[in-house]
Structure formats: C-alpha cells, structure tokens
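S.K.:
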Amino acid sequence: MKQIQININGVKQNVLLDSHDSLAQVIRKAVGLTGTKIGCEQGSCGACTVLVNNKAVLSCITPAAKCENKSITTIEGLAKDGKLHRLQEKFVEKGAIQCGYCTPGMVMTALDFIMNKPDANQEDIKMAISGNLCRCTGYKKIIEAISETLTDKKTNSLINTSNQFPIVGQGRPYLEATLKVQGLADYCDDIPLKNPLYCKFLRSPSPHAIIESIETHEATTIEGVKYVLTGTELPIPFGVLPISQDETALAVHKVRYVGEIVAAVAAESEKIALMACEKIIVHYKNLKPFFDIPSSLVSINENDKIHPSTKYQNNVHKIAELRFGNTNKAFEESTYTSQMQFEFSGINHGFTEPHASVANWDNNGLTIHTATQVPHYLHRALSKVLELPLSKIRVIKPYVGGGFGGKSDPFPHEIIIAHLARKTGRQVKVTLSREEVFLCNHGRHPSTIEMKICANHHNRLTALDTDILIDGGAYGSFGVVTSYYNGVLLQAPYELDNFGFKTQRVYTNKPQSGAMRGHGAVNSRFAMEVLMDDLAYQMKMDPCVFRLQNFLDQNVLTVGQFRITSNGSRESLEKVMLQSSWNNRYGKLPYGEGLGVACGFFISGSALPIIRNDIPQSTVHLKVDFDGRVLITSGTSDIGQGSDTLLAMIVSEVLGISIDKTTVLAGDTLLTPVDLGSYSSRVTFMAGNAAKDAAEKLKFEISKSLSEIQTSHTDSFIFENNKVIQLESSHSWLWEEAVEIAIASRGAISVSGKYISPKLGGDFKGSGAGLSPSYSFGAVIVEVKVDSETGLFKLINVWGAHDCGRAINPLAVEGQLEGSWHMGIGQAISEQMSYFNGLLLNNNFLTYKIPTSLETPPMSTNIIETNDPEGPFGAKECGEGAIHPIIPAIANAIFDAVGIRINKLPISPEDVLDKIKLRRQTELNLVPQTQQ
Amino acid sequence: MKVENYYLKPKSLEEAFQMANDNQGTFRYIAGGTDLIPNIYQKNCNASCLIDLQEIEELKKINRFENYLSVGAGLSLENFETNQDITQSYPVLAEAAASVATPVIRKTATLGGNLLCDNRCIYYNQSKWWRESVGNCLKCNGNICIATGSKRHCYSEFVSDTAVALIALNAQLLVFNEQGEQLLKLEDIYSGEGVNHLLLKRTTIIKSILIPLDQKYKAVYNKLRLRSSLDFTSLTTTVSFNQNDQIRVVLGGVDPKPVLVLGDSKSSIENMIQEALKKSRAIDNEILSRKYRRTMIQVFLMRSFQKLKSMDKY
C-alpha cells in the first residue's frame, strides 16, 4: 500500500492505494465521488472520463499512482456555488441526458474539447466525442448541446420551466436531469454501503456438462470469506414467464452455457471473493453441446437434451404457429411473389450501466436495490426461489443506466445476493463486469427467417407466409412471447388477408436470448420490408407508393383481430418522402448512392399481463397534504426513458398546477402500488392513463370539498395556473388554499388511479399475442453511399417519422426516436454477438461494436400526432417502434445504390462486396447470351 | 504469496534503466498505459512493478537532429495531429496518429507506446477466465493456436498504425540500452513472431524517433475498420515514394509484424501488390475475415498507387 496526495476538485486528498489501483477506483471508492462512472473497465466506453491537469483522461485505465500531486477535476467539480456550468446547462436544456450514465464522462470530454477548440464545427464535435459511447440518445442532442455551448447561444428558459405552463405538449428536460449532469444521481453501484460483503461468482467454463462435484472447503477457509454458495441450496426454478420456469439461481447438477454461475462467494472485499472463487474446484462431465439452430433441431435422446423435460424430441423450446385466410390460394393467384431467406446475429442491449444490486436483511425481511426495469417480476421471483412471503420483500429501483429490455427479467445475481444477505445478516453487494453483463445477455435472438409475400395484379399485398427459427440460448426468458411476436407483429401496417407463420424457438448452449427493444418483431420486420421493396421493384413501382397503397386504415381490425385505432402510417411516410425529396431523388442517384424506405408499427403495451390475473396493469397513487405538494407514487421504472417526468407532467396538467408542486416516487415495491414495469412500451399508455385517472380523482375530491363550502356542482371548477376557479362566480383559490380547504375536515387526501386494458382480440389459441390497446406507426428513409470496391458503406442521412399519438413531452419523444434509430443502425452495420465453442468472443465495448458518434448520420426527427382515442391526452408508445423501419430502410437504400439485396445482419462489407461482384458477373454472363 | 506492487517514477533515462534492471522479470515500462493497463486488467500481463517514463523530460522533445526530425517517444499521439512540423512535413504520420483509438485516448497514448503496442488476437485479448475456458493459446503459455490449430506459430496481428506510416517514411529509432544510445531501423525491431513480437530487450527504452527530413516523401495512408473511431486496425497501409525514386509499401494488421515491400518507379505495381500479399500472413482472428482483408490489401494498395500518381512528382 502506498499513500499519495492528489488534488480533486480543488481539495487536497491523501489516499492510500495499492500501487496499481486505477484512478477511477480511487475517485469512486477512496474519495467517494461516484459521479465518475465505470462502464467497461477497459477504456472503451468513455464513461469514466475525468480531467487530469485539465486534460481529458480515461480514469479506468489510468493508474492512480500516475496522478500523484496532479489536479483532478471530476463531474462534481463543475458546478460552482450551486450553479451549473453552461455546458451542463446545455446538456439539460437540449435533452442530451436520458439514462445519464454516460453523461459525466461525456461532459468531461466535451469540457476539455470546448476549452481547446472554441471554433469547432459539427464534424469536430462528432470526432471529439467519438470515444464516449451513448446508447440512449443517438448523440444528436449531445452534439447540439456542445455546439450551442460553443456558439454561446443563450440558454433557453426551458431548463427552468418547472413553474411554467402549458405542460402537456411542451418539451422539457427530465426532472432529474440536473442531478444526472452533476454526477449526483445514485445508480446502484453508487449507493453508500454499511459494512458490506462483496459477492463474486465462479462461472462455468463448459457449455454443457453435468456437475459431478464441487469442492468448496479451501475457499471457505480463506480469511475474509463469509459464505460460499452452490446451486443445490437454491434449487427452485424461476423465469419471467409463468410457462418457462426453467432457470435456477446457480446451476444445479448441470451447466447449460459457458458463463453460467456455479458458485458464489460473499467476502469482505472483492479481491478476497475473487481469490476464493479461484479456489473452488468443480468436476464436470461434459455433454454434447448444441451451439446453433440446426444442431438443436436434430432429434436426440431425452437425456442428451439441454432441458430433458421439454415436450419435443429435440431442443425445441416452443413452437408458435397461427394461420389466417388461405395463403396457398393467394400465392397461386398472385401476380408478384417475393421470397428470401434471412439470417440475423444475436444483439446485446449494450446499456452503459452494468448490472448491480445491493441486498439487506433485517426484521422487515429483504430489501434489495437493483438496476431493474421491472421491480414487480423480481419481487415475485425472489418470493418463489427464497420461499419468502411477498410481504417480506422490498425491491427498490435506484437510477438505472439504460435497459432496452436487458434489465426486465429477474436475474440470478439478484436472487443470490438476497439469499447471501439472509444467510450472513450483512449487506451484500454485487456489480457485474462488462464481460459478465454480456454473459447475462437476454438480448435479441439470433434468427433464421424464410419468408414469402405476394401481391395481385392490382398491386395489392395478398399474402405472407413465413417460417422462423430463433435461437433462445440456454433458458426461456421472454422467449415464448418472442416466438409469437416474430409472427403476429407482421399483420400491420399493411392490409393482409392471408397470413401464416410458424416460429420455432430452440434452446442452445449459449447465454439466453430474451426481450430487446422492438421485441420479437425487429428481424421479421426487416425480412418483410426487404420483400416489400422487392415486390415494388418487380412491379416497377415506387416502393413508397406501393406502401401507401397497401396501408391499413385507422379504426380497423387486422386479419388476426388486432384493433387498430389511430394510425399515422400515411402521414409518417408522406412526411419523410417530402423531407428527403424522395420523388425527385429516388432511383435517380448515381451508382453507389441510394435511398431506401421502410415502415413499421408496434404495441403500446401488451393488453394481457404475463401473469394472468385481474389486478390493474398500472396503478398510480396521489397524496396531497397541507404543504400542497402532490406526491405521485408508481411502480414504474424510469430507466432513462423519462417516465417519472411523464407522470409528473400528466398529473400537473390535469390539476392545473406547475410541475414543481409534484414529486414522483417510483419503483419501490413497499411504497409504490404495483405496476408491470418498463417493458413492451407500456408505461406512457398504461401508467400514463392511471396517473391521469388518479389526478382526475384528486381533482374531484378537491372540487367536492370546495363545492361543499360554495354550494355548487363538483364540475363547476376549473383547475389552471396553480389556481382553482369557480366558473359561475369566477372566485378563485390558490392551489394551496384549495388543498387546505379540502383537507381541513378529512386530513390528507390519497387517491388511486388505475388502468386495465379493454378486452380485445379473438378467441383462438394464441389470440392474445400482440394485442394492445393501441399501436404506434412510423416510417424511415435512409440515404447511403456504398464503396463498390470495398463494400464499405456510409449512412448519409436518416429521415424518420413516428406516430406516437400525442407527444406529451416532445423533447423526450425525440430522444426515444433518435435512440431507437441509433440502436437500429448498430444492428444494421456493426453489432453482432459472435461465439467460439459457446464462448462469447466479443464481450466488451471494443469488439462489440456500438456505433460511435461518427457512424451516426444526421437524423431528421418528425413526431406525427394522431391523438389516440384511448391514450392519455392521445399518447401512445414511442420507445420501441421506431427501431423497426430503420434497419430494412438501410438495406433497401443499399439496393437502390448498387442493386444488391441484403439478407443478413449485420451488413458486412464483405457480404456487400461479394454480392456486388456476383451481380456484375451475372450481368456479364447475361450480356453475351442475349447477344447470341 | 502476494507480490507487493510497485509504481516507480524515474526522472532520467539512466534512472529508469537502472530500475528496470533491478526489477528484471517483474517490471514493465509504462508511458500512457492505454495498451498496457487493459492487458494487465485481463491478466495478459502480470507485472508487479510499473516504471513510469512520463516524468522524463528528454522523451518529450521535438527538434532537428542532422538530417532528421527527432521526435520524443513520450509525446502523446495528439501532438502529432496538431504539431505543424509534423502536419506539414509528414501528413501521413499526422493521419496515422489521428486514426489511433479515440481522441481522448490519443491525449494519453504516446508515440513510443503505440510503436510497441502488443499484437492482438480475438482469442488472446480476453479475460483470464475466458482464455482458461477455451484453453490457453500459444501467446498465453498454452500449446496451441486457437485460431489456426498450429502448435508452433502465433499469428497475432501487429496493430500499430503509426509504425506503418513511420516505416514508410524510413524512420529510425534512437534507443537507450546497456550500450548507451543506439540507432535502429524501425522495421528491424519487430520479430514477426506473435508471442513476442519485439526484438528489443525489455529494458530498452525508445528515446526518440528520427524521421528523414531530406527525402521529400509523398505518401498515402489508409486504415480499414468497421467504426471510424475506437477500433483497432484490420488493415493499415502506407505507400510512399521519395525523391530518390524509392517506393515503400507498408502494411499493418495482416501479419505479426509490419509487412514491407520495396520498389522504385520501374517496379511493376502488380508485382509489388502480389509481394505484399505473399508476405501477409493474415489469419481469421478478428471480426473481418482473412479473405476480405486480403482483398482489401489489393484495393487499398491499388488506390494508394493511383493517388500517388496524381500527386506531384519529383
């Protein structure tokens, strides 16, 4: 150990360190400034950026000893006397902050940049931040924030709009943005601890094996080791879906993927826990592994299967199949047919905050803070596996650094530390490394899709038939839903009378696949939109016109009885056609340049809950007391998408009060009413409606009290501008006065609002899949430039439009759309999970290639408003649907540029080049033949 | 027994060299550390003693030395993007420096460090647990190459972008070792063997890089990678032509060492490209395939020659 002096944010600090400790560790642990985040541990994400002697440095790969006697500035050192630095103000104002986990590093990088390059242009800014990965924003608003700081553009009053009207429809930064931009928002790894134990895992090196023995004795004797846990102690299976309870907290008797947890150690330090893990000896008897879809389809003996209990003779987990109309007849009678085979790599969510959890055990039972999208499902899983009454479990969601579906299942590490806390009576903490985050996966399923569609001589789409194979990895996760979504979410946005699909989900010996943004429908949407483009090409028809001719109308039922209410498909497509000058440019660009289009749609929450019951899907409570502040409590999880702000906006709007008179408390299963959480794009629609319902009730209660003293009707009061006004007399009370009158006789008021989806859909088996009270629609046009000698291509422009019903917070909606498009670009151009014998090859941000600011083209963001009849203030989803159209739009643009059809994601330059060569060869071969 | 970690900060080359000799077998020099620290994190390097060279002022100078521009090995890569002597006289070096990693990393990473950056392979640059699970490869004391199945040869990729540009500029190194100062051709320090890709003794320190001032190079630089930032190279090329009618074709990312092909204005371009291809022992050990990278060697070189032709001639 060595003592060094460093100056942090102007304060001299003496810190004791192991000579090789990183600066990030010292700042976070020894000094206790947790604004500096760790996202990758290896210098490839930028979240840990700080200034050392005014120069931006990656603190996770800088030895602290290097910084002896140097001056360090962290994010906490920027604001002075409670006032934000103007760069921070701009980040807040422009909506450059979503989950906020990359924000501190991004701000520090930008700060160094603006100090040194005051005359920078947009390209310079993009370059400067190209080592700071953001998974939420698509960088657009970050670039705007930096650019406006440089041009010294006056800060718009937006940042201080907490007391301004109107509310709904007025874009505003997240309520917590000023905390996040200062590094003051505590994510799970930042929570102050009391005498904690640290947990580390021993993971399986084998993809498929029987555990013959585990020897833990030596590990238990190491000083500082408090508990060594193996699978047999927690044998009860769990899973997010009641029908796929196929996973255990630790492997029991058998391992099913490389990286599966075999043992866990709780110790006084992470180092000791790691050392102890290395002392555990496990004997495995290897079984034949299954690494891909074809091998998992082969019939085998019961005991050779990954899950012997499944009902099929191979490793198939689920078969989902639905058929409507008469597809065979439609194909026989069709004029145009297009058929292709598609292949998709697995995709990881790539949220910047690694999983982390802290568990405590006391006389109230278990309390666990954890980075989760759905406290409720974890609550249930903990109860089941730990055999604890639900009433003895409290799940709390702190700030969460992104989820995208990857934090919506209950996870083994959460269950394990809960158990360890109970067994040791101590606080237990776990933070996963980036490699472990990749091993958790639950990302988009690798898939193979065979699809054909056809149209009649009126250029009307008549049928779609598809066979889909998806690789589920070792466990079920959301896979049954994924299997259905792959198919059912093809029945819009185009009218389709004959439609059939069959999806088979297989188990393989790899980390499990699950739900990821655009759940289930992203890959099949890609296939369909490429085929749509091909049909239009065969018809010699503009692909936009072809789509416009085939769109479903509003207020219709689809072939599988989805109830479409509001529908902005047409407006969306027309908008991006106009913006991209489609009619003047499509098909007219020189070889190598192209435009492509695609459309999509998505659910606004599932109409049926995963766990069938009659409990409302969302409940929101409001409490108001003498202080006039409205406390909004909700079980939703704000994971960076802005749901807390949304709830506050809705309640404020209804009550006519400024948003600063509200406070949101969310994601705490003890204090907040149950909500099904943040997934399937349900929060705005469902929790938003519940919040609106609750606010209407509160309004009624206050009106009732006022009407008693005024002898008027309860509906004769107007709530606006922080006042309550009686219509007839024009008498008005300040909000606080009205509240005081209301609580005078009865005490503080609590009301409860709820949302339950209407009964929807047909009565056939599988009819529930994809049902939603409302659907979003959208369209994207992309411009690309392809280098026909290298196969490399560049995105030049993205024009996107999305029908979100009504944008309650337009700034947040734009952020969701831009983030979706960015994530789609990643799947299209560079992201893939690659395996070698079941080992994930690219388990860090250097080799798992999330697009940087330089890969992200200019994006024109268009919000289309259709005022959904059932959405809160007309709103519906915007967080997932926008990812669907962008990926096929890129592929279709490449077709326009160089005439090749893309049927494999990610689109590799090698594949592009091979196809260009093949096409040239075919053309060359054709020429002499026609001449003969 | 746990070995105590040391972090030493010599003020002179002599002191650094002495410290290195005192800690033989357990030490590593560290400059920016942007390559070394991730390797330590992954336990590909288990040095307990780090000798930090960044307080040695001698390593941070740029000056003229006879017919050379002498640049200190300790200068950060960012310097080479902005320094006018460099951007005007050796634009390819500026371009190469600007193509390394990310802008923030280039503020820390040094030129010397980049020249000595360890070779890479997707089966090697992994955590200890990962490597043990797959079975250790040749480069981590195992007995088989995972990528090729070879029991003898490691073909981990040489990934220094600046070395490619500097070799094309015929740069030399002034190194400090037991003999005092010694001048070496840059291309001569690389072994061509993936496990230990350097021929330098571990105690040797690169003091400065000497780039000829009198040869008036025209050169074209290119780097292949999926993302325009952050990524290591899949193929780096530089083709240079000087007033003495020498052509130097240098490739990185496709062999355990930089590939160098020499020629002159009478050489057949096709032959030089074929020779470069022949010398490149690229294997499938990264995201882009061997086949594709070999195709790109031809495309990049052909384009470079075309671009050179369009530049002024001597």
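Read top to bottom, the protein sequences are chains A and B.
Okay, so the first sequence: first residue is 427 according to my numbering, each after it adds one.
Okay, so the second sequence: first residue is 93 according to my numbering, each after it adds one.
Where a beta carbon is used, it is the ideal one built from N, C-alpha and C, also for glycine.
Using CA coordinates, which residue listed in Gly-1061/A, Pro-668/A and Ser-809/A is at the minimum distance from Gln-799/A?
M.R.: Gly-1061/A
S.K.: Show which residues of chain B have a CB atom less than 7 Å away from the CB atom of Gln-468/A.
M.R.: Residues of chain B whose Cβ lies closer than 7 Å to the Cβ of Gln-468/A are, in chain order, Pro-130 and Tyr-133.
S.K.: So, helix, strand or coil for Ile-1367/A, using DSSP?
M.R.: This structure gives no information on residue 1367/A, because the portion of chain A shown stretches from 427 to 1358.
S.K.: Pull up the DSSP beta-bridge partners for Val-1050/A, would you.
M.R.: According to DSSP, which records beta bridges pairwise, Val-1050/A is partnered with Val-1056/A and Ile-1175/A.
S.K.: Below 8 Å, can you find three or more Cβ-Cβ pairs linking the stretch 740-758 of chain A to the stretch 713-725 of chain A?
M.R.: yes
S.K.: Check whether the Cβ of Pro-1284/A lies closer than 7 Å to any Cβ atom in chain B.
M.R.: no
S.K.: Which of the three DSSP states, helix, strand or coil, is assigned to Gln-1357/A?
M.R.: Because the pLDDT of Gln-1357/A is 45, which lies under 50, any placement of that residue in the model is unreliable, and the number read from its coordinates should be weighed accordingly. Reduced to three states, the DSSP call for Gln-1357/A is helix.
S.K.: So which residues on chain A does Val-226/B lean against when the C-beta distance must stay under 9 Å?
M.R.: Pro-631, Val-684, Phe-1262, Asn-1263 and Leu-1265
S.K.: In the DSSP output, which residue or residues are listed as bridge partners for His-709/A?
M.R.: Ser-639/A
S.K.: Given that Met-1249/A touches chain B, what residues does it touch there, using C-beta distances under 9 Å?
M.R.: Under the 9 Å cutoff, chain B gives no residues; its nearest Cβ is about 15 Å from Met-1249/A.
S.K.: Which residues in chain B have a C-beta closer than 7 Å to the C-beta of Ala-482/A? List them in chain order.
M.R.: Near Ala-482/A (Cβ distances below 7 Å), the residues of chain B are Val-196 and Lys-199.
S.K.: For the beta strand (DSSP E) containing Thr-763/A, name the first residue and the last one.
M.R.: 762-770
S.K.: Using only alpha-carbon positions, find the residue among Val-353/B, Asn-171/B, Asn-217/B and Ser-402/B that is nearest to Ile-389/B.
M.R.: Val-353/B
S.K.: Determine, for His-845/A, whether the minimum Cβ-Cβ distance to residues of chain B falls below 7 Å.
M.R.: no
S.K.: Going by other Cβ atoms of all chains shown within 10 Å of its Cβ, with 16 needed for buried, is Asp-1040/A buried or exposed?
M.R.: exposed
S.K.: Can you list, in chain order, the residues of the stretch 851-872 of chain A whose Cβ is nearer than 9 Å to any Cβ on chain B?
M.R.: Ser-859 and Glu-861
S.K.: Which residues in chain B sit within 8 Å of His-839/A, going by Cβ to Cβ distance?
M.R.: In chain order: nothing, as chain B lies at least about 16 Å away.
S.K.: Thr-793/A: which of Ile-1312/A, Leu-1097/A and Gly-1114/A sits nearest, CA to CA?
M.R.: Leu-1097/A
S.K.: From which residue to which residue does the alpha helix (DSSP H) around Ile-822/A run?
M.R.: Run containing Ile-822/A: none in the alpha helix (DSSP H); it sits in the beta strand (DSSP E), 819-822.
S.K.: Where does the unbroken beta strand (DSSP E) through Val-594/A begin, and where does it stop?
M.R.: Unbroken run through Val-594/A: none, as it is neither H nor E.
S.K.: Go ahead and label His-1157/A buried or exposed: buried means 16 or more other beta carbons lie within 10 angstroms of its beta carbon, across all protein chains shown.
M.R.: exposed
S.K.: Do you know whose CA, among Gln-938/A, Asp-979/A and Thr-984/A, lies nearest Glu-997/A's CA?
M.R.: Asp-979/A
S.K.: Would you identify the three-state DSSP class for Ala-746/A, choosing helix, strand or coil?
M.R.: strand
S.K.: Tyr-133/B: which of Glu-861/A, Gln-1253/A and Asn-1263/A sits nearest, CA to CA?
M.R.: Glu-861/A
S.K.: If distances are taken between C-alpha atoms only, which option among Leu-601/A, Asp-545/A, Met-541/A and Val-476/A comes closest to Leu-1072/A?
M.R.: Leu-601/A
S.K.: With 7 Å as the C-beta to C-beta threshold (strictly closer), list the residues of the stretch 486-503 of chain A near chain D in chain order.
M.R.: Structure shown: chain D not included; protein chains present are A and B.
S.K.: Any beta carbon of chain A sitting closer than 7 Å to that of Tyr-384/B?
M.R.: A Cβ of chain A is located within less than 7 Å of the beta carbon of Tyr-384/B.
S.K.: How big is the Cα-Cα spacing for Ala-260/B and Val-342/B?
M.R.: 6 Å
S.K.: Tell whether a beta-carbon distance below 7 Å holds between Leu-1280/A and Ile-1036/A.
M.R.: no
S.K.: Check the Cβ of Pro-1277/A against every Cβ in chain B and list those closer than 8 Å, keeping chain order.
M.R.: Arg-319
S.K.: Please tell me whether His-743/A has its Cβ less than 7 Å away from any Cβ of chain B.
M.R.: His-743/A has a beta carbon lying at 7 Å or more from every beta carbon in chain B.
S.K.: If we ignore side chains and look at the alpha-carbon of each, how far apart do Leu-305/B and Ala-201/B end up?
M.R.: 25 Å
S.K.: Taking Cβ positions, are Cys-528/A and Leu-628/A nearer each other than 7 Å?
M.R.: no
S.K.: What residues from chain A crowd round Ser-381/B, counting only those whose CB sits closer than 9 Å?
M.R.: Within chain A, the C-beta atoms nearer than 9 Å to that of Ser-381/B come from Ser-1334 and Glu-1336, in chain order.
S.K.: List the residues of chain A that Ser-219/B touches, going by C-beta distances under 7 Å, in chain order.
M.R.: Those are Glu-861, listed as they occur along chain A.
S.K.: Go ahead and pull the three-state DSSP assignment for Phe-333/B.
M.R.: strand
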